[in-house]
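Contents: one structure, followed by commentary.
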Amino acid sequence: MAEMNARQIAKAVTHSDSPFSLKKNDAVIENVSYGMFSWGEADLIALTKAGYMIEGEIKISLQDLRADLKKTKWVDDNYKAWCRDIKQFYYIVPSGLVEEALKITDKAIIEAFITKSGGYASRIHRASVAYGNQRGRK
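Residues 1 to 138 in the numbering used here are what the sequence shown spells out, letter by letter.
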């Protein structure tokens with residue numbers, strides 16, 4: 001499989017039958033900052049027709065994924081507050097990273113790839129569980 005950059009990965013998940021499909025959602029927004037520059041960003045946010053959000057983090061290397069897993073956002077109260085509005089979370093990786101990504105995280109994984117005909121596609125390898133209404137609430 002061909003290597004992919006972050007832009008191609010985003011195109012693969014927005015132009016295929018993924019949770020970030022432009023056909024399924026009211027909007028898909030790239031590179032979203034939140035928390036007034038103090039604590040967060042998301043590579044992709046899908047605003048669903050049902051009125052909730054799905055967050056996607058694009059990782060183009062194993063080192064990038066490992067670095068993200070070490071971030072304090074997974075225990076940060078501000079991030080948990082943000083998660084109240086996020087119903088699903090996915091790591092989005094190119095084909096070459098799927099096997100290792102599944103080994104080092106229990107988070108949901110979407111594989112992005114270029115088809116033999118040169119198109120973009122994606123497939124879910126581990127589905128997301130709804131967590132926005134559970135994480136961060138006391």
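Cβ atoms here follow ideal geometry from the backbone N, Cα and C, with glycine treated the same way.
Check: Can you pull the DSSP bridge partners for residue 53?
Finding: As a working note, residue 53 is residue 53 in the sequence shown. Residue pairing by DSSP places residue 53 opposite 47 and 86 in a beta bridge.
Notebook entry, point to check: Can residue 6 and residue 92 be called in contact, C-beta distance under 7 Å?
Noted result: Here residue 6 corresponds to residue number 6 of the sequence shown, with the count starting at 1. Here residue 92 corresponds to residue number 92 of the sequence shown, with the count starting at 1. Going by C-beta atoms, residue 6 is not nearer than 7 Å to residue 92.
Margin query: In the DSSP output, what is residue 41 paired with across the bridge?
Written below: Against the sequence shown, residue 41 aligns to sequence position 41. Its beta-bridge partners are 33.
Note to self: Please classify residue 128 as buried or exposed, where buried requires at least 16 other C-beta atoms within 10 Å of its C-beta.
What the structure shows: Locating residue 128 in the sequence shown gives position 128, counting from the first residue. It counts as buried.
Check: So who's on the other strand from residue 66, going by DSSP bridges?
Finding: Taking the first residue of the sequence shown as position 1, residue 66 is located at position 66. Answer by DSSP bridge pairing: none, since residue 66 is not bridged.
Next item on the list: Would you identify the three-state DSSP class for residue 60, choosing helix, strand or coil?
Entry: Indexing the sequence shown from 1 puts residue 60 at position 60. DSSP places residue 60 in coil when its eight states are reduced to three.
Check: For residue 111, does the three-state DSSP call read helix, strand or coil?
Finding: Residue mapping note: residue 111 aligns to position 111 of the sequence shown, counting from 1. It is a strand residue.
Next item on the list: Could you tell me if residue 28 is buried or exposed, where buried requires 16 or more neighbouring beta carbons within 10 angstroms of its beta carbon?
Entry: The residue labelled residue 28 in the question sits at position 28 within the sequence shown. Buried is the call here.
Checklist line | Nearest to residue 4 (by Cα), restricted to the options 120, 107 and 69 | finding: Here residue 4 is taken as the residue at index 4 of the sequence shown, counted from 1. Out of 120, 107 and 69, 120 has the C-alpha closest to the C-alpha of residue 4.
Next item on the list: Could you round the C-beta distance between residue 90 and residue 104 to whole angstroms and report it? I think they count as a contact, below 8 Å.
Entry: For the purposes of this step, residue 90 is identified with residue 90 of the sequence shown, where counting begins at 1. For the purposes of this step, residue 104 is identified with residue 104 of the sequence shown, where counting begins at 1. Their Cβ separation, rounded to whole angstroms, is 15 Å, which puts residue 90 and residue 104 out of contact at 8 Å.
Notebook entry, point to check: For residue 128, does the three-state DSSP call read helix, strand or coil?
Noted result: The residue given as residue 128 occupies position 128 in the sequence shown. Of the three classes helix, strand and coil, the one that applies to residue 128 here is coil, per DSSP.
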